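Below is one structure, written out as structure tokens; the observations come after it.
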Amino acid sequence: MDALELKDLFTVAHFIKTRCDHGLKAGEPKNAINYVFFEVEILDPKTRTQLCYLDKVEPSATIGEIKVLLHRLYPKWYPARQALRLHPEGKPLKDEDVLEELPVGTTATMFLQDLGPQIGWTMVFLSESIGPLFIYLLFYYRLPFLYSSEYAYTRSSHAVIRLACVCHTLHYVKKLVETIFIHRFSHGTLPLNTIALNCLYYWGFAAWLAYYINHPLYTTPMYGKIQIYMSLISFLLCECGNFSIHLVLNQLSCNGSRPLQIPYPSKNPFTWLFFFVSCPNYTYELGSWISFTVMTQCVPVGVFTLFAFVQMTIWARGKHKTYMQEFQNYPELRSAIIPLFL
């Protein structure tokens, strides 16, 4: 065998070094990365005892997916019942948060809070609307245990009481129809005890105002038919406006509670309020209750309207702020609930 010349050895060595430095061209994967799995440790926030240890979790896994994995190990803790935090006193992580984007290492420690039994938003709205609807009718028909026995099952001779019953029933029937067929709810839930408090609030106010409106000694409005029928027209217009706004909102694209589109008015004149406010559905709702207050001239209705105004203003300002943050081109003329004012 002929010996290799020195220059040939240098050539072979250079070839090997080049291939080692740059890799073989044929068959080498592009953009090769070192894939790392995460480990998730879930602790009790009070005792710091380990509840669950998840191994080999994908870096792209979301908090919602981690909740599903935890639910498989503990069936009683369905995802809506869980609140995961990075610190026992910290804010709950959102379901869409991605594991690798959180301020944790490859071993993430989370704390689980049991939120208790939960109910979806559809059932929440149904329970809040069905109660006032039937409670009001109990007082309208004057069941024996509500007023004196001599007035049991009697009907008032005042037309305003009959109109008030029609308006109140129409309002809550509309809400039930919207809840079932129009509203699109996120997958969020409410704790059972919170729903009980909400129902106590709405049902209690319904009983309070119904008791006085349908009372045998009820006093009719000061300005008579003009006050009654003008308020009735205003009430019906506001109810139509509220329904029209909900139809527009139903057509918008949303990601959970995050809006993906700016709501704009349509050819329907009732939707033109979008030119001035971000939440015209609340504006019309407020208008309905103000009209009902004027029509019945009843103090409990006025108190409920005041409470509703405060609550809807808080909701409207929150939504208005979300619109302003999500869309840079959001119309500057719009206010939250009251045109050019609030």
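Numbering (full-length UniProt numbering), first residue to last: 1 to 342.
Note that beta-carbon positions come from the ideal geometry of N, C-alpha and C, so glycine has one too.
All of these numbers come straight from a predicted model, not from anything done at the bench.
Rounded separation between residue i and residue j - CA only
| i | j | result |
| --- | --- | --- |
| Ile66 | Leu102 | 13 Å |
| Glu128 | Glu178 | 13 Å |
| Met312 | Val303 | 14 Å |
| Glu285 | Ala108 | 46 Å |
| Tyr330 | Arg317 | 14 Å |
| Val98 | Val57 | 11 Å |
| Phe235 | Tyr282 | 14 Å |
| Ile42 | Phe111 | 6 Å |
| Trp77 | Ser278 | 37 Å |
| Leu260 | Ala207 | 40 Å |
| Leu133 | His168 | 7 Å |
| Arg155 | Cys199 | 28 Å |
| Trp272 | His215 | 40 Å |
| Cys254 | Val36 | 33 Å |
| Phe327 | Phe275 | 16 Å |
| Leu176 | Glu89 | 38 Å |
| Tyr201 | Pro92 | 27 Å |
| Phe307 | Asn193 | 21 Å |
| Val294 | Leu237 | 15 Å |
| Val166 | Tyr74 | 49 Å |
| Val301 | Phe292 | 8 Å |
Buried/exposed call for residue i, threshold 16 Cβ in 10 Å
| i | result |
| --- | --- |
| His320 | buried |
| Ala3 | Confidence is the limiting factor: at Ala3 the pLDDT is only 44, short of 50, which leaves the residue's position unreliable, though a coordinate-based value still follows. When all chains shown are included, Ala3 counts as exposed. |
| Asp95 | buried |
| Ile290 | buried |
| Phe341 | exposed |
| Gln82 | buried |
| Gln251 | exposed |
| Gly241 | buried |
| Glu239 | buried |
| Leu217 | exposed |
| Tyr153 | exposed |
| Leu197 | exposed |
| Gln50 | exposed |
| Ile213 | buried |
Bridge partner(s) assigned by DSSP for residue i
| i | result |
| --- | --- |
| Thr109 | Glu41 |
| Ile119 | Leu190 |
| Tyr74 | Answer by DSSP bridge pairing: none, since Tyr74 is not bridged. |
| Tyr53 | Glu41 |
| Val68 | According to DSSP, which records beta bridges pairwise, Val68 is partnered with nothing at all. |
| Asp114 | Gln82 |
| Thr62 | Val98 |
| Val277 | Ser335 |
Simplified DSSP state of residue i, which is helix, strand or coil
| i | result |
| --- | --- |
| Val104 | coil |
| Val36 | coil |
| Leu227 | The sequence as given places Gln at residue 227; Leu does not occur at that position. Correct three-state label for Gln227: helix. |
| Thr271 | helix |
| Ala83 | strand |
| Asn214 | coil |
| Tyr141 | coil |
| Pro132 | helix |
Any chain B beta carbon closer than 8 Å to residue i
| i | result |
| --- | --- |
| Ile195 | In the displayed structure, chain B is absent; only one protein chain is listed. |
Query raised in the report: In the segment 144-212, which residue ranges form an unbroken beta strand (DSSP E) of at least 3 residues, counting only runs that do not cross its ends?
Result: 189-191
Requested in this report: Counting only runs of 3+ residues fully inside the segment 280-337, write out the beta strand (DSSP E) ranges in chain order.
Outcome: none
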